[in-house]
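One structure is given here, and the rest of the page talks about it.
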Amino acid sequence: MSGRDYLGEFEHIVILALLRLDDRAYGVTVRQEIEARTGREVSIGAIYATLGRLEVKGYVKSQFGEPTPERGGRSKRFFHVTTKGLSAVNRTHRAIQSMTKGLDLIGSYS
Amino acid sequence: MMSQASLVQPPRVAEWLVDLFTPGEQAESILGDLLEEFSDVATKSGVAYARRWYWRQSVKTIAHLTGTGFRVAPWSIIGTVLGGYLLLAFGTSWPEQAIVGVLHFRRHHVTPYYANLDAYVFWLNTSILIGRLLISLFIGCIVAAVAKGKEMVAVMTLGLVWAAMAGIGILLLVTSHWPEQAFFLPFLVDQFGSSGMIVTGGVIVRESRSAMSRRPSGA
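First to last, the protein sequences are chains A and B.
Under my numbering, the first residue of the first sequence carries the number 1, and numbering increases by one thereafter.
Under my numbering, the first residue of the second sequence carries the number 1001, and numbering increases by one thereafter.
Okay, here's the thing in structure tokens:
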């Protein structure tokens, strides 16, 4: 896989949610953060499918927490962004900024 | 003290389906997340709403995980399904050959079949049907065993392909001549029942693997 890969739209949103949540990032909080900030209803399956893909690419890492009773004795899986993931976010941001530079998005296309 | 909402359980069938379609290493965290949010939603919006929410999340989650399972390893799933299809194509004729062989052996050595022709035809058809369904179940188990981690994606794909081929066959049969009901109904049961048995085989293997992974080690 190329080290110059850009993030897909939803991958980008998920990584930004992980960065915002820092050490509180697991399935429930990531899903709620995305819903609250984008108004987009997403399923927990979509979150895990994307996180799985990002983990395979080396952009995120995960670790299990302690099992809790409110989760039926199941553990939380916490995610955090790796250095490689951070580079991918910056690369994608720069590409978007470069593509939107000089465009009057609000005036011309809204 | 636990609140009433935390004592409410999510729909068991939805929970079972999510567990069935979720790869082993993700099942624990996904089911835990769903239960945690279900309790929150039940507290805020009531149990009936929470149950509908849980079903909606479950269906979307299964769709996503199935799609992802296929996208991650398309060729291994296609290869497994193709192998299963070939096994089915050859395997479904084995019960017929075996049962006809046994009945002919009995005809020559034990009981003359023509003494009771109706019973002979009934037992021949029924035995072949049961044999084919059992073969389909067995092949479903084999396909699921090979497609480790993507058991349900593989057996669902094989079941759908087999049902689609059966549908085409039935369409051709009906358009060429309307078959006699006595033969048509068992044919339908055979063709679509086989798809159901393939998926059942996958469920058996997936559940066995889940049970083994849940078993505490070092007992």
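Virtual Cβ for every residue (Gly too), placed ideally from N, Cα, C.
Bear in mind the structure is a predicted one, so any value in this text is a computation, not a measurement.
Legend entry - Buried or exposed (CB count within 10 angstroms, at least 16 for buried), B:P1074: exposed
Inset, instruction - Below 7 Å CB to CB, which residues in the same chain sit around B:V1203 once its five sequence neighbours on both sides are set aside? - result: L1020
Inset, instruction - Measure the C-alpha to C-alpha separation of B:C978 and B:L1087 and round it to an integer number of angstroms. - result: Look at the range of chain B in this structure, 1001 to 1219, and you will see that residue 978 of chain B is not part of it.
Inset, instruction - Determine whether the Cβ of B:A1219 lies closer than 8 Å to any Cβ atom of chain A. - result: Here the model assigns B:A1219 a pLDDT of 39, short of 50, so the residue's position is not dependable, and the following value carries that caveat. No - not a single Cβ of chain A is within 8 Å of the one on B:A1219.
Inset, instruction - For A:H80, name the three-state secondary structure that DSSP assigns. - result: strand
Inset, instruction - Report the residue from A:G65, A:N90, A:F64 and A:Y48 whose alpha carbon sits nearest the alpha carbon of B:L1034. - result: A:Y48
Inset, instruction - Classify A:S2 as helix, strand or coil using the three-state DSSP reduction. - result: Low confidence applies to A:S2: its pLDDT is 49, below 50, so where it sits in the model is not reliable enough to give any reading.
Inset, instruction - On a CA-only basis, which of B:S1208, B:S1176, B:S1210 and B:M1165 is nearest B:L1188? Give me that one, please. - result: B:M1165
Legend entry - Beta-carbon contacts of A:H12 that lie in its chain and below 8 Å, excluding the five residues immediately before and after: V89 and T92
Legend entry - Cβ of B:E1037 within 8 Å of any chain A Cβ: yes
Inset, instruction - Would you be able to state if there are at least three C-beta pairs under 8 Å between the segment 1118–1135 of chain B and the segment 1156–1172 of chain B? - result: Cβ pair count under 8 Å is below three, so no.
Inset, instruction - For A:Q63, write down the residues that DSSP places opposite it in a beta bridge. - result: A:F78
Inset, instruction - Quick one: grab the DSSP three-state call for A:T68. - result: Looking at A:T68 - three-state DSSP - the assignment turns out to be strand.
Legend entry - B:Q1026 burial status per 10 Å Cβ neighbour count (16 or more: buried): B:Q1026 is classed as buried because its beta carbon has at least 16 other beta carbons within 10 Å across all chains shown.
Legend entry - Burial state of A:L7, where buried means 16 or more other Cβ atoms lie within 10 Å: buried
Inset, instruction - Give a yes or no on contact between the segment 24–37 of chain A and the segment 67–78 of chain A, applying the rule of three or more CB pairs nearer than 8 Å. - result: yes
Inset, instruction - Quick one: using the 10 Å Cβ neighbour count with 16 as the cut-off for buried, is B:S1029 buried or exposed? - result: Looking at its Cβ environment, which holds 16 or more other Cβ atoms inside 10 Å, B:S1029 is buried.
Legend entry - Contact belief for B:V1155 with B:V1143 at Cβ below 8 Å, rounded distance in angstroms: About 6 Å; that satisfies the 8 Å criterion.
Legend entry - Inter-stretch contact (C-beta, 8 Å, three-pair minimum) for the segment 1065–1073 of chain B and the segment 35–50 of chain A: yes
Legend entry - Among A:R71, A:G39, A:S87 and A:L51, nearest to A:V14 - alpha-carbon criterion: Measuring from the Cα of A:V14, the nearest candidate turns out to be A:L51.
Inset, instruction - Could you tell me which chain B residues have their CB closer than 9 Å to the CB of A:K76, listed as they occur along the chain? - result: S1029, G1032, D1033 and E1036
Inset, instruction - Measure from the C-beta of A:S98 to each C-beta in chain B and report whether the shortest distance is under 8 Å. - result: no
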